[in-house]
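Numbering (the working numbering), first residue to last: 243 to 626.
Virtual Cβ for every residue (Gly too), placed ideally from N, Cα, C.
As the structure is a prediction and not an experimental result, all values here were calculated from the model.
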Ligand code: ARG
C-alpha cells in the first residue's frame with residue numbers, strides 16, 4: 243500500500259494508490275482516475291490541495307494511476323461532501339475490486355449513464371401498497387431528501403448525467419422514478435400504475451418525455467410499472483409480473499420496443515417489483531434472489547445466467563438487489579454486506595448507500611433511478 247509521502251495529509255486521511263492492496267472498508271473515500279482528475283476533484287472538505295502533496299511522488303505523472311482518499315478512522319465532525327450529513331462507512335474498491343475479476347480475465351468497465359430522478363420533496367408513507375409500508379411509522383422528509391441528494395451527487399461524481407422531473411405534492415411515492423417508464427433506444431413506454439394512489443404520476447412522465455425530445459412516447463395500455471418491473475439485460479428485457487405489472491403488458495412491451503421480453507413471475511410479496519429481486523450488473527451478468535421467483539422462473543434464470551450472483555435471505559431483505567450498476571460501480575444498500583463481498587470478488591466496485599428513509603416506502607437505490615437510453619436518431623435534448 244502506498245500511502246502519501248511528501249506533505250502533511252490530514253489526520254485520519256490517507257491517499258492510496260488504488261492498484262496496491264488497500265483496506266476493504268473505510269469511513270469514506272473517493273477515487274480518481276488520474277492525478278488530473280484528483281486535482282480537479284470537488285472534494286470541498288479536505289480539498290485537493292491537501293491531497294495532492296500526499297500523492298506518492300513517483301505516481302504523480304502516471305496517467306494510469308488511480309487514487310483513493312480514504313478516511314482510516316471515523317472523521318469526527320466530518321460531514322459528507324455529498325449531502326452534508328455526518329459520514330457513514332462507505333465501501334469502496336480496493337485492489338481486489340480493481341483486479342479481482344481480472345484473474346478470471348474479466349475487466350469491468352463503467353459506461354456513462356443518463357438518469358432521471360425525482361427529489362423526494364413530498365415523500366411520506368401515507369398509505370400501504372407493499373409490505374414495507376407502515377403509515378403509522380414516522381417518516382422524516384428532510385432525511386429522505388439528504389439521502390437522495392447523496393445518491394444524486396454520487397451519480398454525478400461517477401460521471402453520469404442526471405435529469406430531474408419536478409415532484410408534485412400529494413404524490414408521496416413519486417421519488418421512485420424507476421416506476422415512471424421504461425426507456426430503450428429513445429422510446430419511452432410510460433407506466434400505468436396498479437394502485438390509484440400513484441396513477442397521476444403517469445401524466446408528469448408523459449409530459450416530461452414529450453418536452454425532452456423523445457418522439458415515440460406513449461402510456462402503456464396494460465398495467466405496467468416501468469423499470470420497477472422491466473430490466474434491460476443486453477439483448478433482452480427481463481420483465482416481472484405477479485404483483486404489479488400484468489403479463490399482458492409484457493407482450494405490449496415486446497411490440498413497442500421490438501425486442502425479446504422474458505417474463506419472470508414473482509411470488510414473495512416483499513419483492514413485489516422485479517427490481518427488488520434482481521439487478522442487472524452488465525450485459526450478461528445479473529444478481530438475484532432465487533426465492534422471490536416461481537419454480538419455472540428460477541429454472542429459466544439458471545439457464546440464462548448460470549454464473550449469476552445469488553443473494554442470501556438477509557441481503558435480499560436489506561434490499562440489496564435494488565442496485566444500480568454502470569458496468570463497474572454497483573450502488574446498493576450498504577446493509578447488503580454479503581452481496582458487497584460477492585460483487586467485489588467478481589471484480590465490481592460496490593458502493594454502499596444509506597437510503598433507510600426511502601426503504602420505509604419499500605424503495606431504495608434502483609427505485610429512485612430511471613435510466614434514459616437514447617437511440618441513434620431519437621432521444622433527449624441536452625440535459626439542463
Ligand atoms: N411505495 C412504492 C410502491 O409501492 C415503492 C416503489 C418502489 N419502486 C421500485 N422500482 N421498486 O409503489
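> If you scan the segment 487-562 from start to end, which runs of the beta strand (DSSP E) of 3 or more residues do you find wholly inside it?
Replying inline: As far as the segment 487-562 is concerned, its whole beta strand (DSSP E) runs of at least 3 residues are 503-507, 520-524, 527-530.
>> Closest to residue 424 by C-alpha separation, out of 459, 604, 512, would be which residue?
In response: Here the closest residue by C-alpha is 459.
> Going by the CB atoms, is the gap between residue 542 and residue 553 shorter than 8 Å?
Replying inline: Contact: no.
> In whole angstroms, what is the alpha-carbon distance linking residue 561 and residue 606?
Replying inline: The alpha-carbon of residue 561 is positioned some 7 Å away from that of residue 606.
>> According to DSSP, is residue 439 part of a helix, a strand, or is it coil?
In response: Looking at residue 439 - three-state DSSP - the assignment turns out to be helix.
> Among 571, 447, 417, which has the Cα closest to the Cα of residue 400?
Replying inline: Among 571, 447, 417, the Cα nearest to that of residue 400 belongs to 571.
> With residue 362 and residue 387 assumed to form a contact (beta carbons below 8 Å), what rounded beta-carbon distance in angstroms separates them?
Replying inline: Rounded, the Cβ-Cβ distance is 6 Å, consistent with contact.
> ligand 1 heavy atoms versus the CB of residue 372: any closer than 7 Å?
Replying inline: Yes - ligand 1 has a heavy atom lying nearer than 7 Å to the Cβ of residue 372.
> Assuming residue 394 and residue 416 make a contact with CB atoms under 8 Å, what is their CB distance in whole Å?
Replying inline: In this structure residue 394 is not in contact with residue 416, their Cβ atoms being roughly 15 Å apart against a cut-off of 8 Å.
> Opposite residue 591 in the DSSP bridges: which residues?
Replying inline: Note: residue 591 sits in a beta bridge opposite 571.
> According to the neighbour-count rule (16 or more other Cβ atoms, all chains shown, within 10 Å of its Cβ), is residue 614 buried or exposed?
Replying inline: By the 10 Å Cβ count, residue 614 comes out buried.
> Hey, is residue 609 close to ligand 1, as in C-beta under 7 Å from one of its heavy atoms?
Replying inline: Checking every heavy atom of ligand 1 against the Cβ of residue 609, one is found closer than 7 Å.
> In three-state DSSP terms, what is residue 579?
Replying inline: Helix at residue 579.
> What does a CB cutoff of less than 8 Å around residue 351 pick up in its chain, not counting 5 residues either side in sequence?
Replying inline: For residue 351, where only same-chain residues beyond five positions count, the Cβ hits under 8 Å are 569, 570.
>> Buried or exposed for residue 272, going by 16 or more other Cβ atoms inside 10 Å?
In response: Interpretation of residue 272 is limited by its pLDDT of 43, a score under 50 that renders its predicted location unreliable; no figure is taken from the coordinates.
> When DSSP builds the beta bridges, which residues end up paired with residue 405?
Replying inline: According to DSSP, which records beta bridges pairwise, residue 405 is partnered with 358.
> What does residue 424 pair with, by DSSP beta-bridge criteria?
Replying inline: In the DSSP assignment, residue 424 forms a beta bridge with 431.
> Roughly how far, in whole angstroms, is the beta-carbon of residue 355 from the beta-carbon of residue 402, given that I think they are within contact range, below 8 Å?
Replying inline: With 8 Å as the limit, residue 355 and residue 402 qualify as a contact, their Cβ atoms being about 4 Å apart.
> By DSSP, does residue 412 sit in helix, in strand, or in coil?
Replying inline: In the structure shown, residue 412 sits in coil (DSSP, three-state: anything other than H, G, I, E or B).
> Which residues bound the beta strand (DSSP E) around residue 394?
Replying inline: In the DSSP assignment, residue 394 falls outside any beta strand (DSSP E) and within the unbroken alpha helix (DSSP H) covering 383-399.
> Can you find at least 3 beta carbon pairs, one from the segment 515-531 and one from the segment 480-491, that sit closer than 8 Å?
Replying inline: Yes, they touch.
> Counting Cβ pairs, one atom from each stretch, are 3 or more of them under 8 Å apart for the segment 424-434 and the segment 589-599?
Replying inline: No, they do not touch.
> For the alpha helix (DSSP H) that residue 606 lies in, which residues bound it at each end?
Replying inline: Neither: residue 606 is in no alpha helix (DSSP H) and is coded neither H nor E.
> If you count every other CB in all the chains shown that lies within 10 Å of the CB of residue 502, and 16 or more means buried, which is it?
Replying inline: It is exposed - the Cβ of residue 502 has fewer than 16 other Cβ atoms within 10 Å.
>> Between which residues of its own chain and residue 343 is the CB-CB distance below 6 Å, once the five residues before and five after are set aside?
In response: Confidence at residue 343 is low in this model, with a pLDDT of 36, below 50, so its placement is unreliable and the value that follows should be read with caution. Within the same chain, 350, 588, 589 come within 6 Å of residue 343 by CB-CB distance, once the 5 residues on both sides are set aside.
> Within 10 angstroms of its Cβ, does residue 500 collect 16 or more other Cβ (buried), or is it exposed?
Replying inline: Counting Cβ neighbours within 10 Å, residue 500 comes out exposed, since fewer than 16 surround it.
> Which of helix, strand or coil does DSSP assign to residue 462?
Replying inline: Per DSSP, reduced to three states, the secondary structure at residue 462 is coil, with no helix or strand assignment.
> Looking only at its own chain, which residues have a Cβ that is under 6 Å from the Cβ of residue 411, when we skip the five neighbours before and after it?
Replying inline: The residues 364, in chain order, have a CB closer than 6 Å to that of residue 411 in the same chain once the five nearest residues on each side in sequence are set aside.
>> Under 8 Å, with one C-beta from each stretch per pair, do the segment 462-473 and the segment 491-498 reach the 3-pair mark?
In response: In this structure the segment 462-473 touches the segment 491-498; the number of beta carbon pairs closer than 8 Å is three or more.
>> What does the Cβ neighbour count give for residue 537, buried or exposed, with the cut at 16 atoms within 10 Å?
In response: Classification of residue 537: exposed, given that the 10 Å Cβ count is below 16.
> With distances taken from CA atoms, which of 368, 426, 580, 473 is nearest residue 456?
Replying inline: The option with the nearest alpha carbon to residue 456 is 426.
> On the premise that residue 382 lies in contact with residue 599, defined as a C-beta separation below 8 Å, what is that separation, rounded to the nearest angstrom?
Replying inline: 6 Å between Cβ atoms; contact.
>> Between the alpha carbons of residue 524 and residue 438, how many angstroms are there, rounded?
In response: Distance between the alpha carbons of residue 524 and residue 438: 34 Å.
>> Distance check for residue 534 and residue 340, CA to CA, integer angstroms please.
In response: Low confidence applies here, because residue 340 scores a pLDDT of 31, under 50, leaving its location unreliable; read the following figure in that light. Computed Cα separation, rounded: 31 Å.
> What did DSSP end up calling residue 601 once you bin it into helix, strand or coil?
Replying inline: If DSSP states are grouped into helix, strand and coil, residue 601 belongs with the helices.
> Can you find a heavy atom of ligand 1 that lies under 7 Å from the Cβ of residue 555?
Replying inline: Flag unset: Cβ of residue 555 not near ligand 1.
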